[in-house]
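Structure, as structure tokens:
There are 2 protein chains.
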Amino acid sequence: MMEDAVSSEDAMAAAIAEASLGHACRRIVPVILAGGSGTRLWPMSREQFPKQLIDVVGRDSLLQATVTRMEGFVGGFDVDTQPIIVCGEEHRFQTEEQVRACGVCAKIIVEPARRDTAPALTLAALAAVNQDDDAIMVVMPSDHSISDIPALHRAIAIAAEYAEHSMIVTLGVAPTRPDTGFGYIRIGDALENGAHLIDRFVEKPTTELAAQYVAAGTYWWNSGIFIVRAGVWLEALAKLNGDMHAACTAAFAEGKADDNFIRPCPFQFGRVPADSIDYAVMEHIGAAGSPCKGVVVPLAAGWSDLGSWDAVWEAMEKDGLGNVASGRVVFEGATSSYVRAEGGRLVACVGTSNVVVVDTDDAVLVADRSHAQDIKTLVARFREQRAPEAETHRKVRRPWGFYDAIERGERFQVKRIVVAPGARLSLQMHHHRAEHWVVVRGTALVTRGEDQFLLSENQSTFIPLGVQHRLENPGKVQLEIIEVQSGSYLGEDDIVRLDDCYGRI
Amino acid sequence: MMEDAVSSEDAMAAAIAEASLGHACRRIVPVILAGGSGTRLWPMSREQFPKQLIDVVGRDSLLQATVTRMEGFVGGFDVDTQPIIVCGEEHRFQTEEQVRACGVCAKIIVEPARRDTAPALTLAALAAVNQDDDAIMVVMPSDHSISDIPALHRAIAIAAEYAEHSMIVTLGVAPTRPDTGFGYIRIGDALENGAHLIDRFVEKPTTELAAQYVAAGTYWWNSGIFIVRAGVWLEALAKLNGDMHAACTAAFAEGKADDNFIRPCPFQFGRVPADSIDYAVMEHIGAAGSPCKGVVVPLAAGWSDLGSWDAVWEAMEKDGLGNVASGRVVFEGATSSYVRAEGGRLVACVGTSNVVVVDTDDAVLVADRSHAQDIKTLVARFREQRAPEAETHRKVRRPWGFYDAIERGERFQVKRIVVAPGARLSLQMHHHRAEHWVVVRGTALVTRGEDQFLLSENQSTFIPLGVQHRLENPGKVQLEIIEVQSGSYLGEDDIVRLDDCYGRI
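Below, the structure is given as structure tokens:
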């Protein structure tokens with residue numbers, strides 16, 4: 000696909016000559032777009048627990064793998080140890096907790112509403128510009144997998160050189176099949192180091208068109224990884240989409256920073272038009288009057304967008320029969336199957352081929368791999384029916400830990416509640432239920448009405464209906480209690496929060 | 000398949016002439032063989048909860064459907080309202096409970112050990128002979144389904160006429176496919192009413208042979224339903240298998256009858272050779288020197304042995320796409336699939352064809368329907384590995400009700416315990432665990448050490464390690480408690496039973 004060296008060098012020289020907007024910079028800031036709510040990996044991913052928070056391919060979550068992906072980068076640039084992460088309001092605590100668990104200190108921008116990727120990137124650019132006008136942003140989706148990190152770093156090092164010269168660079172993946180789930184990039188003139196000018200962006204094609212693209216050899220998949228100087232992005236956006244630029248700028252300027260989060264102004268952000276990076280900017284660059292050039296650098300690093308369970312199966316290491324298993328799984332004559340047992344149950348596959356089985360505490364998916372994309376339709380149906388299984392897991396994360404609703408009867412419910420060391424639930428009260436608490440691990444500090452007392456393993460207490468109470472873990476190990484609720488109404492919304500250290504009142 | 004009338008009548012006359020052993024009798028006693036431990040319907044069926052105790056095709060269990068199957072019989076015979084049921088020691092309480100729930104009072108013979116069907120039938124014959132030498136036994140496996148009861152009754156009425164004349168009669172099913180899972184009966188001379196003399200029994204054939212049998216039109220499936228006078232059976236067995244006859248007779252004579260059960264002597268029964276009805280008797284009748292004649296009567300009544308999940312799918316009513324579902328099941332583009340959601344979870348099938356999905360509290364099966372027979376191999380593997388999922392369900396039935404181990408942690412376990420009105424657990428003690436009990440429904444009478452007290456809904460108590468205790472339901476509604484166990488060892492075998500009204504000490 001490389002053109003001859005002379006024309007390639009000519010094109011590069013021309014491109015750099017045209018790109019005269021900025022000055023040189025040797026600092027890279029990783030930007031992670033973690034606002035997704037992908038449900039194509041249902042039932043693992045849920046509205047409240049999206050794909051990036053799940054350990055899809057390894058021990059870490061996809062977000063955690065992304066946060067640490069630039070570690071060890073040696074491309075002649077300094078990589079900022081504090082990445083910028085953009086996430087949604089409802090995922091902020093889990094995002095923060097997962098990032099902290101990696102030992103990384105991040106700037107977390109909390110989007111007050113969903114506006115697609117272009118506004119998210121713009122908020123990150125505004126934060127980056129705040130400290131350093133010319134930081135090179137390496138913008139990464141938070142929910143993809145890349146197996147060959149050195150290869151990724153090599154591609155980014157090449158891309159950063161172009162970005163430094165004020166181009167907007169994207170990493171492109173040579174297609175291996177006529178996938179209709181990706182956008183494609185038609186490559187233009189060859190530049191140095193395998194890079195090309197971007198001829199044009201093409202939306203997700205039909206199967207026929209996709210096959211033509213693959214055959215042509217001049218179309219690459221859009222990986223969604225962008226390398227661009229913050230100032231260059233903002234300038235390009237200002238020219239191409241003035242409204243978005245203005246509204247994002249106002250939202251950022253009028254925003255607040257609390258403990259760990261940067262919070263743009265909800266009112267101003269509400270006025271931001273929703274759009275993707277591709278639509279808002281990338282499809283226009285290179286055209287007549289475009290503010291800057293686009294470059295695509297090839298990425299051959301085992302990239303996958305993990306956009307369906309089929310893609311997950313593709314990305315995983317398989318046994319001799321093509322099977323992939325995690326959890327308590329038994330195969331008997333099964334082939335090319337992906338099985339994930341998350342609920343602690345035993346999952347047995349007998350004689351199956353090309354199936355996906357995902358077992359969770361409250362929902363089980365059995366899908367033919369070739370129909371894995373239809374899970375989108377399924378989840379849309381669940382949402383219409385307001386099925387709780389579209390929204391949350393049985394195990395619900397909270398800033399203080401989690402609870403798991405392990406059993407439910409007519410007038411009672413049993414929860415397992417796990418509280419992190421030093422964490423405390425809100426001071427609260429219920430109108431319709433009484434609660435028994437049995438400590439099964441650690442030590443609890445209990446507030447009940449006017450009293451405060453400690454309970455250790457194997458001790459219990461009773462919280463009558465209507466009495467203010469609070470549960471705290473004053474210790475150094477996890478606190479676990481079994482809570483037996485009883486009453487006529489047991490919904491999560493029967494809670495009056497009187498005080499909360501996580502600002503949830 | 001009917002031969003011409005003249006030869007048919009001749010054969011009948013000859014058969015009746017030969018069968019001159021007994022005198023006439025107009026009483027039928029249903030005999031139900033419920034000693035099976037079939038695991039081909041795993042994970043619904045388990046070692047401790049076999050197929051006959053499950054509601055496979057309807058609201059009732061297969062055993063219950065069998066127990067009530069002779070209701071409304073109008074064939075000129077009196078049907079004894081007290082059937083004889085033969086079951087295994089480990090299933091006696093559940094068998095009794097299910098039969099009682101049908102409003103039927105049965106004689107339950109508890110086999111001290113498994114010896115296959117011929118000894119089971121012999122015990123039933125000994126019990127039948129005890130009251131009436133010439134009762135006609137209608138012997139039915141407890142785990143088959145029959146949809147057209149009037150057609151069954153017509154076949155039995157015909158069969159009973161031959162049985163009355165001292166023949167051993169079996170019901171045969173015209174084969175619809177070359178199934179290798181059944182024994183076949185080669186039919187001989189035609190008799191009246193569609194019946195035939197039995198030419199010979201053929202063991203489960205190869206696929207090739209089975210195809211030849213189906214094409215020949217002279218082989219019927221052996222339904223396992225036998226109609227024979229008790230005295231005729233015993234006499235035939237005495238001649239063909241004297242050891243079995245003698246050992247069964249001794250075991251029955253030296254047995255005991257307690258509350259609801261007839262219990263043959265374990266020592267004598269231990270000496271009984273294991274054998275099936277077919278091998279022990281049926282394959283020899285008709286041969287030279289045979290003590291009696293065998294007759295087969297055709298059964299066209301929607302019979303299925305439900306011998307695999309595939310057979311269950313075949314037997315069930317399907318939607319327009321061939322799907323069968325029970326529980327919370329959602330199909331998206333699925334066809335010809337059988338899905339059973341028993342664990343309360345949502346089960347979603349996307350794009351699947353010809354799969355079986357059975358979801359239970361602790362195990363999930365996903366099988367290709369054409370490989371449903373391989374579940375046998377799978378369960379054998381589980382047994383080798385001593386996987387608890389081969390043995391019991393998470394919900395464990397007890398004579399007083401059941402418990403469900405809903406959650407387990409490192410040093411704790413949570414159980415939901417349901418006690419039937421008037422029932423009581425044993426007086427017991429644990430060496431390694433303390434227990435918290437929270438009543439969530441009904442009223443509990445608690446014995447704790449020297450104390451005895453009542454607990455009602457929303458009250459709780461604590462049973463320290465080493466203290467004698469007993470739980471009783473003195474009320475008229477079910478008692479439900481949540482038990483939180485804590486301790487270093489939580490196995491079921493840490494129990495010292497001091498007193499038990501079910502004889503389990």
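Residue numbers (numbering that gives the first Met the number 0), protein chains in the order written: chain L, 0 to 504; chain D, 0 to 504.
Where is the CB? At the ideal position from N, CA and C, for every residue including glycine.
query	result
Terminal residues of the beta strand (DSSP E) in which residue 374 of chain L lies	Note, residue 374 of chain L: premise wrong, no beta strand (DSSP E); alpha helix (DSSP H) at 374-383.
Residue range of the beta strand (DSSP E) that includes residue 43 of chain D	Element bounds for residue 43 of chain D: n/a, residue is neither H nor E.
Closest residue to residue 64 of chain D among D/142, D/109, D/320, D/47 (Cα-Cα distance)	D/142
Start and end residues, beta strand (DSSP E) containing residue 155 of chain D	Counting along the chain, residue 155 of chain D falls outside any beta strand (DSSP E), though it belongs to the alpha helix (DSSP H) covering 148-163.
Opening and closing residue of the alpha helix (DSSP H) in which residue 206 of chain L lies	206-215
Proximity test, Cβ basis, 8 Å: residue 481 of chain L and chain D	yes
Beta-bridge pairing of residue 461 of chain D - partner residues as DSSP gives them	D/435
Chain L contact residues for residue 180 of chain D, given Cβ-Cβ distances below 8 Å	Residues of chain L passing the Cβ test: none, with the nearest at roughly 16 Å.
Reduced DSSP secondary structure (H/G/I, E/B, other) of residue 348 of chain D	strand
Inter-stretch contact (C-beta, 8 Å, three-pair minimum) for the region 361-373 of chain L and the region 343-356 of chain D	yes
Nearest-angstrom Cα separation, counted from residue 232 of chain D out to residue 121 of chain D	8 Å
Length of the line joining the Cα atoms of residue 380 of chain D and residue 171 of chain D	34 Å
C-alpha distance - residue 169 of chain L paired with residue 410 of chain D, whole-angstrom precision	52 Å
Meets three-Cβ-pair contact criterion under 8 Å: the region 180-193 of chain D and the region 75-94 of chain D	no
Whether residue 113 of chain L touches residue 34 of chain L by CB criterion (8 Å)	yes
Residue 334 of chain D: contacting residues in chain L (beta-carbon distance under 9 Å)	What residue 334 of chain D touches in chain L: nothing, since even the nearest Cβ is about 10 Å away.
Closest residue to residue 198 of chain D among D/154, D/281, D/119 (Cα-Cα distance)	D/281
Through-space distance from residue 358 of chain D to residue 443 of chain D, alpha-carbon basis	33 Å
Three-state secondary structure assigned by DSSP to residue 482 of chain L	strand
For residue 94 of chain L, three-class secondary structure by DSSP	helix
Identity of the residues DSSP links to residue 197 of chain D by a beta bridge	D/186
Chain L within 8 Å of residue 318 of chain D, Cβ atoms only	no
Neighbour-count burial assignment, residue 23 of chain L, 16 or more Cβ in a 10 Å radius	Residue confidence for residue 23 of chain L is low, a pLDDT of 48 falling below 50, so the modelled location carries little weight and cannot support an answer.
Interface flag, residue 113 of chain D vs chain L, CB-CB below 8 Å	no
Residue 224 of chain D (DSSP reduced to helix, strand or coil)	strand
With 16 other Cβ atoms within 10 Å as the buried cut-off, status of residue 175 of chain L	exposed
Any non-hydrogen atom of the ligand FMN within 7 Å of residue 286 of chain D CB	Looking for the ligand FMN in the displayed structure turns up nothing, as the structure carries no ligands at all.
Closer than 8 Å to chain D by CB, residue 411 of chain L	yes
Rounded distance between the beta-carbons of residue 433 of chain D and residue 464 of chain D, thought under 8 Å	5 Å
Residue 268 of chain D - DSSP class collapsed to helix/strand/coil	helix
Under 9 Å from the C-beta of residue 415 of chain D: neighbouring residues of chain L	406, 408, 413
Test: residue 400 of chain L CB closer than 8 Å to a CB of chain D	no
Opening and closing residue of the alpha helix (DSSP H) in which residue 387 of chain L lies	387-390
Distance, residue 328 of chain D Cα to residue 382 of chain L Cα	16 Å
Inter-stretch contact at 8 Å, needing at least 3 Cβ pairs: the region 248-267 of chain L / the region 157-166 of chain L	no
Any C-beta of chain D under 8 Å from that of residue 21 of chain L	The pLDDT assigned to residue 21 of chain L is 43, lower than 50, so where the model puts this residue is not dependable, and the model offers no usable value.
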